[in-house]
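Residue 18 in full-length UniProt numbering sits at position 18 of the sequence shown, and the numbers go up by one each step. Heads up, the beta-carbon is just placed ideally off N, CA and C, and yes, glycines get one too.
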Amino acid sequence: ELPAGYGRMKPDIVTYGSGVRGSGMKGGCRSLSGTSVASPVVAGAVTLLVSTVQKREMVNPASMKQALIASARRLPGVNMFEQGHGKLDLLRAYQILSSYKPQASLSPSYVDLTECPYMWPYCSQPIYYGGMPTIVNVTILNGMGVTGRIVDKPDWQPYLPHNGDNIEVAFSYSSVLWPWSGYLAISISVAKKAASWEGIAQGHVMITVASPEGNEQKNSAEQFSTVKLPIKVKIIPTPPRNKRVLWDQYHNLRYPPGYFPRDNLRMKNDPLDW
């Protein structure tokens, strides 16, 4: 996690947040913008969705989030750290909740380091042997219950016909999911045998989540959900040292920095606020 590691995919979704008309404090209407407007729009949508669900026991923070992000519509030309899963779609969310079954899911649901501009900045350059591992933080959503666990450990399954054995994958994850969620950090690097190879490599990660049924007592039965995370990367031959990036923001630049008193009282903005 930040500040020592990499961030997660945020926001989850986007919706109306610019020039939204609402009631004014002194009567009439006024226009407001920002997340303080977008958040109530989503809260109203969630209220409507809950009112349509017949099996109320199916509704929880994780299942609602799963429905919202799975139904969101992708916006063109915008990366995932600006739009999340896309624009709120109330009708599609209703359709998903109408047939929803408790399950686990991942956010993002796939990792494609060749897909631009959605996967920017991950798609901005290929990976190569000897380079620092590319780290992707994935959120695990557990719609089966407030607590859960990952059975055994994540399993990397390379697609051999698609050169999946040319990449190496390591994991760091929360063995216990609480409340309703956990994390899966994936470290992707190139195998030594692909030091001079160029091409696309693919595979997927499988994880199984177990969660207690019903009252979640120690002796209660468990329900299981297996999810798959497809991974796709582009590999290039290791470039000479004089052509490699020597600086990157994740390791050479801390933001926000610590608080340090300044002699120049006229400097009101942080120099890193671009």
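Item: Residues that Leu229 bridges to, as DSSP identifies them; Value: Val205
Item: Segments assigned beta strand (DSSP E), at least 3 residues, entirely inside the UniProt domain "Peptidase S8/S53" (7 to 86); Value: 20 to 23, 29 to 32
Item: Cβ-based burial, Thr15 [other Cβ within 10 Å; buried from 16]; Value: buried
Item: Rounded distance between the beta-carbons of Ser211 and Met119, thought under 8 Å; Value: With 8 Å as the limit, Met119 and Ser211 do not qualify as a contact, their Cβ atoms being about 30 Å apart.
Item: Asn142 in three-state terms, based on DSSP; Value: strand
Item: Closest Cα partner of Gly19 within the set Lys10, Asp89, Ser105, Leu32; Value: Leu32
Item: Leu113: first and last residue of the uninterrupted beta strand (DSSP E) it sits in; Value: It is not in any beta strand (DSSP E) - Leu113 carries neither H nor E in the DSSP assignment.
Item: Rounded C-alpha distance that separates Met58 from Ile186; Value: 30 Å
Item: Pro230, buried or exposed, once every other Cβ within 10 Å from all chains shown has been counted against 16; Value: exposed
Item: Straight-line gap, Ser71 to Arg266 (C-alpha atoms, nearest Å); Value: 48 Å
Item: Assigned secondary structure, Gln95 (DSSP; H/G/I helix, E/B strand, else coil); Value: helix
Item: Close-in-space but distant-in-sequence residues of the same chain around Gly148 (CB under 7 Å, 5 per side omitted); Value: Asn142, Leu177, Val209, Ala210, Ser211
Item: Proximity below 7 Å, CB of Leu88 to CB of Val53; Value: no
Item: Residue 278, DSSP secondary structure in three states; Value: Absent from the model: residue 278. The displayed extent of the chain is 1 to 274, so no value can be given.
Item: Cβ neighbours of Lys65 in the same chain (closer than 7 Å, five flanking residues each side left out); Value: Asp12, Leu141
Item: Which listed residue (Ser189, Ala104, Cys116, Ser105) has its alpha carbon closest to that of Ile135; Value: Ser189
Item: Check whether Ser174 and Gly164 have beta carbons under 7 Å apart; Value: no
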